[in-house]
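For the sequence shown, the working numbering begins at 105 and goes up steadily by one. Read the structure below first, then the notes.
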Amino acid sequence: TAGLASAGRRAAALLGAEDVSLMRVAGGELELLSDNKDTPGERWSLADFPATVRLLRERTPGQIVVGDPESDPLEVAELQRLNYGAVLMIPVAAGAGQMALVEVYRIHPQAFSSAEVDRARVVAQQFGPVLARLAA
């Protein structure tokens, strides 16, 4: 997974973002696979992030923006801990019923445009086969 650890930074460069995290969904948790402000292997309970659970279930992208009253306060607190202003979360099928999550971060608290979301979805889908091999 050494290549995967740095894949987030390459994807971020493609998307004009500050960082991209790749996470596997397993056993009610998110496990970080890429290298960013946190350490690969770190885990978070999905029970703490209901907005993330909803978009994984619906398999639809969603975003959290600091300062947006509609954004989940727990998700906003996590963004602030990382010193980011916005995150775009994109669920990705990782084979055999497994799900993964690609998170695209920007420093400024500005929503992602529909064109940015579309571009990020295309990039995120490229990780599906790699994440499926890891889940196998």
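Each residue gets a CB set at the ideal place from its N, CA and C atoms; glycine is no exception. Predicted model only: the values in this text are computed from it and were never measured.
Residue i (DSSP reduced to helix, strand or coil)
| i | result |
| --- | --- |
| residue 195 | strand |
| residue 227 | helix |
| residue 149 | strand |
| residue 200 | coil |
| residue 134 | strand |
| residue 143 | coil |
| residue 173 | coil |
| residue 218 | helix |
| residue 112 | helix |
| residue 213 | coil |
| residue 120 | coil |
Residue i - containing beta strand (DSSP E), residue span
| i | result |
| --- | --- |
| residue 167 | 166-169 |
Residue i beta carbon near the ligand FMN (any heavy atom closer than 7 Å)
| i | result |
| --- | --- |
| residue 186 | Among the components of this structure there are no ligands whatsoever, and the ligand FMN is therefore not found. |
In DSSP terms, what residue i is bridged to
| i | result |
| --- | --- |
| residue 188 | In the DSSP output, where bridge partners are listed per residue, residue 188 has none listed. |
| residue 207 | 125, 193 |
Beta-carbon separation (whole angstroms), residue i vs residue j, contact threshold 8 Å
| i | j | result |
| --- | --- | --- |
| residue 190 | residue 198 | Rounded, the Cβ-Cβ distance is 24 Å, inconsistent with contact. |
| residue 208 | residue 136 | So it is not a contact: roughly 14 Å between Cβ atoms. |
| residue 216 | residue 167 | 6 Å |
| residue 231 | residue 196 | 6 Å |
| residue 147 | residue 133 | 5 Å |
| residue 143 | residue 193 | Not confirmed; about 20 Å, so no contact. |
Sequence-distant residues of the same chain with beta carbon closer than 8 Å to residue i, five excluded per side
| i | result |
| --- | --- |
| residue 214 | 169, 189, 190 |
| residue 212 | 189, 190 |
| residue 159 | 165, 166, 193, 195 |
N- and C-terminal bounds of the alpha helix (DSSP H) containing residue i
| i | result |
| --- | --- |
| residue 155 | 154-162 |
Sequence-distant residues of the same chain with beta carbon closer than 7 Å to residue i, five excluded per side
| i | result |
| --- | --- |
| residue 225 | 165, 194 |
| residue 228 | 194, 196, 206 |
Same chain, Cβ closer than 6 Å to residue i, five either side skipped, listed in chain order
| i | result |
| --- | --- |
| residue 176 | 155 |
| residue 115 | 124, 227 |
is_contact[residue i, chain D] using C-beta, thresh 8 Å
| i | result |
| --- | --- |
| residue 163 | Among the chains of the structure shown, chain D does not appear; only one protein chain is present. |
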